[in-house]
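Here the sequence shown is numbered in the working numbering, starting from 3 and rising by one per residue.
All C-beta atoms, glycine included, are put in the ideal place defined by N, C-alpha and C.
Shown next, in structure tokens, is the structure this report addresses.
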Amino acid sequence: MKNLEEEQPRQNILMICINRRVRKDEPSCAGRGSEALADRLEKEIQSRGINLIVERSKCMAHCRAGPTIRLAPRGKFYHGPSDDEIAALLDEAETLCGTTTDNDGDLTTNFLGS
Ligand code: FES
Numbered sequence: 003m004k005n006l007e008e009e010q011p012r013q014n015i016l017m018i019c020i021n022r023r024v025r026k027d028e029p030s031c032a033g034r035g036s037e038a039l040a041d042r043l044e045k046e047i048q049s050r051g052i053n054l055i056v057e058r059s060k061c062m063a064h065c066r067a068g069p070t071i072r073l074a075p076r077g078k079f080y081h082g083p084s085d086d087e088i089a090a091l092l093d094e095a096e097t098l099c100g101t102t103t104d105n106d107g108d109l110t111t112n113f114l115g116s
């Protein structure tokens, strides 16, 4: 019997928390601008042709340090990344995931919990 998980390559995912809390005195990634950051990352990933999908996720339990980002499954967490850290993240993603030459201009995005 074949194992289907072994036959299908695992998709690389850039997870970004877009959780927003109702109470303004509680920290959340959306409250710190993660939605705009997700838009920026999608555009830069598309521009560079990185073989990676952006997945807007719910809370990843790093709320006080957000926006929280993780390059899954192999990458580390980034918390409130600076412009230099975002550039390093994209370089790491390009190295780990490679690029696609058949990028047709569509943004590849998954929405969780929406
Ligand atoms: S709100 Fe983003 S990690 Fe919790």
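Compare the beta carbon distance of residue i and residue j with 7 Å and say whether it is the shorter of the two.
i     : j     : result
Glu94 : Ile52 : no
Ser30 : Arg22 : yes
Ala40 : Arg58 : yes
For residue i, does the count of other Cβ atoms within 10 angstroms reach 16, so buried, or fall short, so exposed?
i     : result
Arg34 : buried
Ala63 : exposed
Ser36 : buried
Ser84 : exposed
Glu44 : buried
Can you round the beta-carbon distance between residue i and residue j to whole angstroms, since I take them to be within the 8 Å contact cut?
i     : j     : result
Gly77 : Pro69 : The pair is not a contact, with the Cβ atoms about 15 Å apart (cut-off 8 Å).
Ile20 : Ala32 : 5 Å
Cβ of residue i within 6 Å of any heavy atom in the ligand NAD?
i     : result
His64 : Annotation note on the ligand NAD: not contained in the displayed structure, which lists the ligand FES as its ligands.
Might you give, ordered along the chain, the residues of its own chain that have their beta carbon closer than 6 Å to the beta carbon of residue i, omitting 5 neighbours on each side?
i     : result
Ile71 : Ile18, Tyr80
Leu73 : Leu16, Ala95
Less than 8 Å between C-beta atoms, sequence neighbours within five positions excluded: which residues of the same chain meet that for residue i?
i     : result
Glu87 : Tyr80
Leu98 : Asn14, Leu73, Arg76, Gly77
Ala67 : His81, Gly82
Give me the Cα-Cα distance between residue i and residue j, rounded to the nearest whole angstrom.
i      : j      : result
Gly100 : Ile47  : 11 Å
Cys65  : Ala89  : 22 Å
Cys61  : Ser49  : 27 Å
Glu193 : Thr102 : The structure shown does not extend to residue 193, since the chain is modelled only from 3 to 116, so the question has no answer here.
Which same chain residues, not among the five before or five after residue i, have their C-beta less than 7 Å away from its C-beta?
i     : result
Pro75 : Arg12
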